[in-house]
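What follows is a short report on a single structure.
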Amino acid sequence: MSSSGSWTAKDNKAFERALAVYDKDTPDRWYNVARAVGGKTPDEVKRHYELLLRDVGYIESGQVPFPKYKKNGGSN
Numbered sequence: 001m002s003s004s005g006s007w008t009a010k011d012n013k014a015f016e017r018a019l020a021v022y023d024k025d026t027p028d029r030w031y032n033v034a035r036a037v038g039g040k041t042p043d044e045v046k047r048h049y050e051l052l053l054r055d056v057g058y059i060e061s062g063q064v065p066f067p068k069y070k071k072n073g074g075s076n
């Protein structure tokens with residue numbers, strides 16, 4: 001279990017799965033998502049979701065450039 005302030009890759013994967021199960025119409029959504037993630041409060045998972053929505057908005061509006069990945073020697 002991680003500390004409440006940091007999110008591991010495992011936490012994020014559990015968060016993604018929980019969002020797929022508990023949609024916006026689910027009663028006590030954030031409580032259920034927090035239980036599925038483990039080690040987080042309902043307020044923490046709701047805030048994490050709000051930050052995710054903000055970041056997606058930035059990406060979709062072009063405010064965040066796509067990263068430039070190095071080519072890995074494959075045939076291009």
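According to full-length UniProt numbering, the residues represented by the sequence shown are 1 to 76, in order. A virtual CB, placed ideally from N, CA and C, is assigned to each residue, including glycine.
Contacting residues, own chain, Cβ-Cβ under 8 Å from residue i (five flanking each side not counted)
i, result
"residue 37", "11, 14, 15, 18 and 45"
Assigned secondary structure, residue i (DSSP; H/G/I helix, E/B strand, else coil)
i, result
"residue 49", "helix"
"residue 66", "coil"
"residue 25", "coil"
"residue 57", "helix"
"residue 13", "helix"
"residue 2", "At residue 2 the pLDDT is 47, less than 50, meaning the model places this residue with poor confidence; the figure from the coordinates comes in the next sentence. Reduced to three states, the DSSP call for residue 2 is coil."
Exposure of residue i, with buried meaning 16 or more beta-carbon neighbours within 10 Å
i, result
"residue 29", "buried"
"residue 40", "buried"
"residue 22", "buried"
Beta-carbon gap between residue i and residue j smaller than 7 Å
i, j, result
"residue 34", "residue 27", "no"
Neighbourhood of residue i by C-beta, 6 Å cutoff - its chain only, sequence neighbours within 5 removed
i, result
"residue 67", "none"
"residue 63", "none"
"residue 58", "64"
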